[in-house]
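Sequential numbering from 130 applies to the sequence shown in the numbering used here. Don't be surprised by glycine CBs; every beta carbon is placed ideally from N, CA and C.
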Amino acid sequence: RQRQMCIRDSIWLLTGATFELALSIGIAVLVISCPCALGLATPTAIMVGTGKGAENGILIKSAEALEIAHTVQTVVLDKTGTVTEGKPKVTDIIVGDLERQALLKIAASLEQLSEHPLAEAIVAAAAAENIEPEAAVDFEAREGRGIMARLGGTLYMAGNRRLMEDFQIPLGTFGDEEERLAADGKTPLYFARQDAVLGLIAVADVIKPTSRAAVQELEAMGIEVVMLTGDNERTARAIQK
Numbered sequence: 130r131q132r133q134m135c136i137r138d139s140i141w142l143l144t145g146a147t148f149e150l151a152l153s154i155g156i157a158v159l160v161i162s163c164p165c166a167l168g169l170a171t172p173t174a175i176m177v178g179t180g181k182g183a184e185n186g187i188l189i190k191s192a193e194a195l196e197i198a199h200t201v202q203t204v205v206l207d208k209t210g211t212v213t214e215g216k217p218k219v220t221d222i223i224v225g226d227l228e229r230q231a232l233l234k235i236a237a238s239l240e241q242l243s244e245h246p247l248a249e250a251i252v253a254a255a256a257a258e259n260i261e262p263e264a265a266v267d268f269e270a271r272e273g274r275g276i277m278a279r280l281g282g283t284l285y286m287a288g289n290r291r292l293m294e295d296f297q298i299p300l301g302t303f304g305d306e307e308e309r310l311a312a313d314g315k316t317p318l319y320f321a322r323q324d325a326v327l328g329l330i331a332v333a334d335v336i337k338p339t340s341r342a343a344v345q346e347l348e349a350m351g352i353e354v355v356m357l358t359g360d361n362e363r364t365a366r367a368i369q370k
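What follows is the structure in structure tokens.
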């Protein structure tokens, strides 16, 4: 095979081809005539591909996942922290009978037990006003709805409208406020005590500068892009637009 490659290279050189072209053709012939080269090249290419992905913040589960990536037809994106920055901030605090700081203290006491970015924003807002949260017990998280815990033996809830509906808690005028906040692209969170809403806290999370371009590139590749979120539908549609 080496002799054949030298002969072919010599012929290309005699016909006026450059050394670079003759060498590349010789290597191509060698690879084709020696299938084991493919067995070496494939894992090397996959290793380089996963390494380059990691350099750009893309984690690839396995070699198989990388190989079948070209068959993907739909991509599902989470909203908070994927489409958005994942660094939300409290923008509005709407109270009923409670004082503003009292509501924020209850909210921080509940949310300090949660790992959600929205919870971190509320805890940070309370800390900024030097509000010390209380110790909560019997913490429970309900996916896509919110959280519950007891403060001083009383059950408190924090979450979306669906959580309030689960416990048949009347929204009163807070329902209209929720619609207004959601229409502005904010995430309104209800805070309630057993059977009554205490107030609303709205949190806003800005969209990543690269999200629009990423979605457009995926769609240009013929891939359907879906945003999946447990957030208020109006807020989700505002982010979608």
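Closest in C-alpha terms to Val335, from the list Thr209, Ile175, Glu249, comes Thr209. Taking a cut-off of 8 Å for Cβ pairs, the region 276-285 and the region 317-324 touch, as three or more such pairs fall below it. Under the DSSP assignment, Gly328 falls in the beta strand (DSSP E) whose first and last residues are 325-333. Between Glu362 and the set Ile352, Arg341, Glu308, Val344, the nearest pair of CA atoms involves Glu308.
Under the three-pair Cβ rule at 8 Å, the region 353-362 counts as touching the region 196-209. Counting C-beta pairs with one atom in each stretch, the region 337-354 and the region 292-304 have fewer than three that are closer than 8 Å, which means they do not touch. In the DSSP assignment, Met350 falls outside any alpha helix (DSSP H) and carries neither an H nor an E. At a Cβ-Cβ threshold of 8 Å, Leu242 and Glu263 do not count as neighbours. Just so you know, the alpha carbons of Thr173 and Glu306 end up roughly 57 Å apart. Taking 4 residues as the minimum length, the alpha helix (DSSP H) runs contained wholly in the region 271-307 are 290-295, in order along the chain.
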